[in-house]
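First the structure, in the form of structure tokens, and then the observations on it.
Protein chains: 2
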Amino acid sequence: MIDPAVLKGFRDSLPGDEIPKKRITRILEDVFTSYGFVPIDTPVLEYTEVLLGKGGGETDKQIFRFHDNGGRDVAMRFDLTVPFARFMAAHHDEVGVPFRRYHISKVWRGENPQKGRYREFMQCDFDIVGADNAISDTEILSVMHASFAALGISRYTFHISHRGLFSLFLETLSLADRSIDILRTVDKLRKIGEDEVRKQLSDITGSAENADRIIAFITAGEGRSFMETLETLESLSGGISEPSRRMREIHSLLTDLGISGSFVFDPSITRGLDYYTGIVYETFLDDIPSIGSVCSGGRYNDLASLYMKEKTPGVGSSIGLDRLMAALGETGSPLLANQSYADLLIIPSQGKEAEAFSAAARLRAEGIRTDMYLNPDAKMKKIYAYAETGHIPYMMTFSDDGFSVKDLRTRETMTGEAAIERIREESRH
Amino acid sequence: MIDPAVLKGFRDSLPGDEIPKKRITRILEDVFTSYGFVPIDTPVLEYTEVLLGKGGGETDKQIFRFHDNGGRDVAMRFDLTVPFARFMAAHHDEVGVPFRRYHISKVWRGENPQKGRYREFMQCDFDIVGADNAISDTEILSVMHASFAALGISRYTFHISHRGLFSLFLETLSLADRSIDILRTVDKLRKIGEDEVRKQLSDITGSAENADRIIAFITAGEGRSFMETLETLESLSGGISEPSRRMREIHSLLTDLGISGSFVFDPSITRGLDYYTGIVYETFLDDIPSIGSVCSGGRYNDLASLYMKEKTPGVGSSIGLDRLMAALGETGSPLLANQSYADLLIIPSQGKEAEAFSAAARLRAEGIRTDMYLNPDAKMKKIYAYAETGHIPYMMTFSDDGFSVKDLRTRETMTGEAAIERIREESRH
């Protein structure tokens, strides 16, 4: 016998997880396509050089990398952004720009598994490339809002800021040359707290005063409205500027759309990654902030610079589907609660197979998920246990008088079309 | 610059391929769930021993296998059957039996790429495990029929046979000990032709007479009805038997369901693989038989014997999605023809952004896929080219008099609610 174990950091997805994951994916896809986003897919395996750039670097150890049978240095993708950049360089002319794509698929990282973190997980990315203006920024933010609304999450807040504004501010302090270290430190605010950030900023900037000023900047959103924050940051960063005008335009469009209430201007949002140049954002669920951001991203100046000369500016977001599912589970979302395998279980008892099959065909054609019990000679106790495992609410049996339907939760028995109507009603939810 | 190339045998999926693939997948998933099938997923990477069994063997070279950073011997799955067997051994008690699952996902094989064959491709498997009777066989065949009907394929035929009947026949010839070689040879009938099969069978059985008898058996379906074929094979295999009774029951249930016309009894179907023990089947599209079987499978006695002692009989099917897509393309299926990125393109011209965004919000909420053009200062020629790339049929512009809609195919201009009604109508197809 071989042990049927999966690798460390990997896991099977059972129907109780996979049914809601499929449902959530469909809801998101419907939102994306309603905004004219189109799906693409890329290979799971790529040349390592394509994924890591020439030389590779630190990321190296965290990816699944090997030599294939042809001796090629290959690796499994560790995110969906790098393959998208390579895709745009390869297919720029075919797909045309502006281009809106979404990509929902697995990625792999070899990092040490921790609670809630796996070596194989689902990413959901959506980006608009080929435009750099307030309307494209707003489109992405609007998709995010529509996605969370469609998932039935009632309380969520998008924390948004602008990298350019932060850069201008650092220029006023003559700290532009240390911006990467400063941004990375600020990005840890939620994790390590204000005191520790202040301490590290003092070390980086060489002065407690600078640290205080940066802290004042990144906490300027607290207790202030979006527009108040914007004006405060404008004055801290040397007056009205291109980035501040962009934020104003975005806020105006969000207001037109009637969704500006879900967006707060939070200058502590920087995103650690170097490539963001414009707006940056994270998404927090008001009821479980501890889970961290469930949807993050921003605007970048040039997506595909590794592979092509032409500039491809863009703006995009990434939803961590596994983290989102965990969050939905904690908030008791009905998307996760109702995991029935079928709406109805039909028992094809001996001599009644023809009736059972023809009833099943009719109900299935109507969209009622109809399971047929396949060990019809089993004891009733076993059949009940089977229905319970799959959370199947109704059972249909046949006698010489026709069919009857039992509600397995109440043990109530019904007959005739009224019974089918009730199953149909419930199956719609 | 790094060359944005993909690995040999791999390919990107552009929206023109990915949109219909998603549509086809949804149609299939809706059929599967209407039959009470539930989705599962398994890791892409597994212990090599789990995938290949102890020792490995011939398959070895055709898989992507390596040592991970922890020194484990791992491999990427090459089908969805072996991971399902491992899954059942690991989760038998949790999921309960009978268990109906489907799994639509990628698999990888390192074989040399040929026309239409890739190293990364999509499989779509559906199985019922934990039951061995005519009703479970019929359920699988019925799902296959419903799937092809739902895809709008008008002419398809399921070729079905029974391994047990063939075995009984070989026993009458005292050739049971050579059955694996014989089955594999017969399986090549379509590829190498009757004469070559006869020659090889003569070699295997040591007699031209045996070869002739086997040829007579496997061609017994030609020009005969299902029941005539069954009776002929019964007499060739020593009379009424367990397998022939099973075929009779299945045929009777298919007749009750009104779908028996799509099934022919074709004893030349054997499936090369050792593990089939009961019914076996392949599916051919009447208009392009040359593409080969697009959905194949059969009944097996014991799925998970490598990993557990308990027997898990089952019956299952596999659709090669890439081959099916190619076939649908060749038959001019509307599933592939209509690949529009959106139903409508809105132009948010300067000063009219608010109107454009609020119109988009309304139309998207109604399910109309609405793209917003993001370089609104572009020349009309460029906007038209953009709409053409995405096969977007309508364009909406704004003036001080309100909006107007242009049909980009006829250049006809419309205004008011009637215009929106027309877009809505067309978007439903």
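Taken in sequence, the protein lines are chains H and A.
Per this note's numbering, the very first residue in the first sequence carries number -4; after that it's consecutive.
Per this note's numbering, the very first residue in the second sequence carries number -4; after that it's consecutive.
C-beta: ideal position from N, C-alpha, C; glycine also.
This structure is a prediction, so every number in the text was calculated from the model and none was measured.
Item checked: Listed by chain order, chain A residues near F59(H) by CB distance under 9 Å -> On the first sequence, position 64 is the one that residue 59(H) refers to. Those within 9 Å of F59(H) in chain A are L40, F61, D63, N64, V69.
Margin query: Just to make sure I have the definition right: I need the residues of chain A whose C-beta is within less than 8 Å of the C-beta of N205(H). Which are they?
Written below: Locating residue 205(H) in the first sequence gives position 210, counting from the first residue. Within 8 Å Cβ-Cβ: nothing; N205(H) doesn't reach chain A, min ~39 Å.
Notebook entry, point to check: Among A84(H), V90(H), R173(H), which residue has its Cα nearest to the Cα of M(-4)(A)?
Noted result: One-based indexing of the second sequence puts residue -4(A) at position 1. Closest by C-alpha distance to M(-4)(A), out of A84(H), V90(H), R173(H), is A84(H).
Note to self: Using a Cβ-Cβ cutoff of less than 6 Å, which residues in the same chain neighbour R266(A) once the five nearest sequence positions on both sides are dropped?
What the structure shows: Walking along the second sequence from the start, residue 266(A) turns up at place 271. Closer than 6 Å at Cβ, skipping near neighbours: V275, G293.
Next item on the list: Could you pull the start and end residues of the beta strand (DSSP E) that Q118(A) belongs to?
Entry: Indexing the second sequence from 1 puts residue 118(A) at position 123. From DSSP, the beta strand (DSSP E) with Q118(A) extends over 115 to 124.
Notebook entry, point to check: Is there contact here, the region 378 to 396 of chain A with the region 130 to 137 of chain H, by at least three beta-carbon pairs under 8 Å?
Noted result: Three or more beta-carbon pairs separated by less than 8 Å are not found between the region 378 to 396 of chain A and the region 130 to 137 of chain H, which leaves the two stretches without contact.
Note to self: Taking CB distances under 9 Å as the criterion, tell me whether F153(H) reaches chain D.
What the structure shows: Among the protein chains of the structure shown, namely H and A, there is no chain D.
Margin query: Please report the distance separating the alpha-carbon of F121(A) from that of D132(H).
Written below: Position 126 of the second sequence, counting from 1, holds the residue named residue 121(A). Position 137 of the first sequence, counting from 1, holds the residue named residue 132(H). Between F121(A) and D132(H), the C-alpha separation is close to 42 Å.
Item checked: Residues in the region 83 to 112 of chain A having any Cβ partner in chain H nearer than 8 Å -> Contacts with chain H (Cβ-Cβ distance below 8 Å) from the region 83 to 112 of chain A involve A84, A85, H86, E89, V90, G91, P93, R95, R96, K101, W103, G105, listed in chain order.
Check: So is M391(H) buried or exposed if we call it buried at 16+ other beta carbons inside 10 Å?
Finding: Locating residue 391(H) in the first sequence gives position 396, where the first residue counts as 1. Under this definition M391(H) is a buried residue.
Check: When the distance is taken between beta carbons, is L163(A) closer than 9 Å to S236(A)?
Finding: Position 241 of the second sequence, counting from 1, holds the residue named residue 236(A). Position 168 of the second sequence, counting from 1, holds the residue named residue 163(A). Yes.
Next item on the list: Provide the residue(s) that pair with A70(A) in DSSP beta bridges, ordered along the chain.
Entry: Residue mapping note: residue 70(A) aligns to position 75 of the second sequence, counting from 1. According to DSSP, residue pairing for A70(A) in a beta bridge involves E41(A), R60(A).
Check: Which partner residues of K101(H) appear in the DSSP bridge assignment?
Finding: In the first sequence, the residue the question calls residue 101(H) occupies position 106. K101(H) is bridged to M117(H).
Item checked: the region 300 to 310 of chain A in contact with the region 83 to 97 of chain A per 3-pair CB rule at 8 Å -> Segments in contact, yes.
Item checked: Residue of I245(A), I286(A), E416(A), F161(A) minimising C-alpha distance to T272(A) -> As a working note, residue 272(A) is residue 277 in the second sequence. If we check each option's Cα against that of T272(A), F161(A) comes out closest.
Next item on the list: Could you name the residues of chain H that P284(A) contacts, counting a contact when the two beta carbons are closer than 7 Å?
Entry: Counting from 1 along the second sequence, the entry for residue 284(A) is found at position 289. In chain order: nothing, as chain H lies at least about 28 Å away.
Next item on the list: Give the single residue among R158(H), A141(H), H157(H) whose Cα lies nearest to the Cα of Y151(H).
Entry: Against the first sequence, residue 151(H) aligns to sequence position 156. Closest by alpha carbon: A141(H).
Checklist line | alpha helix (DSSP H) segment containing D88(H), residue limits | finding: To locate residue 88(H), count along the first sequence from 1; it is residue 93. The continuous alpha helix (DSSP H) containing D88(H) extends over residues 76 to 90.
Check: Quick one: what's K401(A) bridged to in DSSP?
Finding: Position 406 of the second sequence holds residue 401(A). DSSP output for K401(A) lists M390(A), T408(A) as bridge partner(s).
Margin query: Can you tell me whether S29(A) is buried or exposed? The criterion is at least 16 other CB atoms within 10 Å of its CB, across all chains shown.
Written below: For the purposes of this step, residue 29(A) is taken as the residue at position 34 of the second sequence. Counting C-beta atoms within 10 angstroms of its own C-beta, S29(A) has 16 or more neighbours from the protein chains shown and is therefore classed as buried.
Margin query: Within the continuous alpha helix (DSSP H) that includes S477(A), where are the two ends?
Written below: Because chain A is modelled from -4 through 424, residue 477(A) falls outside the range shown and cannot be assessed.
Note to self: Please tell me whether A321(H) has its Cβ less than 9 Å away from any Cβ of chain A.
What the structure shows: Sequence index remark: in the first sequence, residue 321(H) carries index 326 (1-based). Output row for A321(H): interface = no.
Check: I14(A) versus chain H: which residues are under 7 Å apart at the beta carbon?
Finding: Start at 1 with the first residue of the second sequence, and residue 14(A) comes out as number 19. In chain order: V33, P34.
Item checked: Cβ-based burial, K401(H) [other Cβ within 10 Å; buried from 16] -> For the purposes of this step, residue 401(H) is identified with residue 406 of the first sequence, where counting begins at 1. A residue is called buried when at least 16 other Cβ atoms come within 10 angstroms of its Cβ; K401(H) meets this threshold and is buried.
Item checked: Close beta carbons around D182(H), own chain, < 6 Å, minus the five adjacent residues each side -> Along the first sequence, one-based indexing puts residue 182(H) at 187. Cβ neighbours of D182(H) beyond the five flanking positions: T265, G267.
Note to self: Tell me the DSSP secondary structure of D396(H) in three-state form.
What the structure shows: For the purposes of this step, residue 396(H) is identified with residue 401 of the first sequence, where counting begins at 1. In the structure shown, D396(H) sits in coil (DSSP, three-state: anything other than H, G, I, E or B).
Item checked: Under 8 Å by beta carbon: chain H residues contacting K17(A) -> Taking the first residue of the second sequence as 1, we reach residue 17(A) at position 22. Against chain H, the beta carbon of K17(A) has neighbours under 8 Å at E24, P34, listed in chain order.
Note to self: Just to confirm my understanding: we take E325(A), look at its own chain, exclude 5 residues before and 5 after, and list those with CB closer than 6 Å. What are they?
What the structure shows: Looking up residue 325(A) in the second sequence gives position 330. Answer for E325(A): I283, listed in chain order.
Item checked: Any non-hydrogen atom of the ligand FAD within 8 Å of M390(H) CB -> For the structure depicted, the ligand FAD is absent and the ligand set is empty, with no information on it obtainable.
Check: Taking the C-alpha atoms as reference points, what is the distance between I130(A) and I245(A)?
Finding: By one-based count along the second sequence, residue 130(A) stands at place 135. By one-based count along the second sequence, residue 245(A) stands at place 250. Note on geometry: alpha-carbon atoms of I130(A) and I245(A) lie some 7 Å from one another.
Margin query: Counting only beta-carbon separations shorter than 9 Å, does D297(A) have a partner in chain H?
Written below: One-based indexing of the second sequence puts residue 297(A) at position 302. For D297(A), no CB of chain H lies under 9 Å from its own CB, so it is not counted at the interface with that chain.
Notebook entry, point to check: Between F258(A) and chain H, is there a C-beta pair that is closer than 9 Å?
Noted result: Looking up residue 258(A) in the second sequence gives position 263. With 9 Å as the cut-off, F258(A) does not count as an interface residue toward chain H.
Note to self: So for Y381(H), helix, strand or coil by DSSP?
What the structure shows: Residue numbering aside, residue 381(H) sits at position 386 when the first sequence is read from its first letter. Note: Y381(H) maps to helix in three-state DSSP.
Check: Once you ignore the five residues that flank E361(H) on each side, which residues in its own chain have a CB closer than 7 Å to its CB?
Finding: As a first step, residue 361(H) must be located in the first sequence, where it is residue number 366. Cβ neighbours of E361(H) beyond the five flanking positions: R419.
Item checked: Short CB-CB distance (under 9 Å) between R364(A) and chain H -> The residue given as residue 364(A) occupies position 369 in the second sequence. For R364(A), a Cβ of chain H is located within less than 9 Å of the residue's own Cβ.
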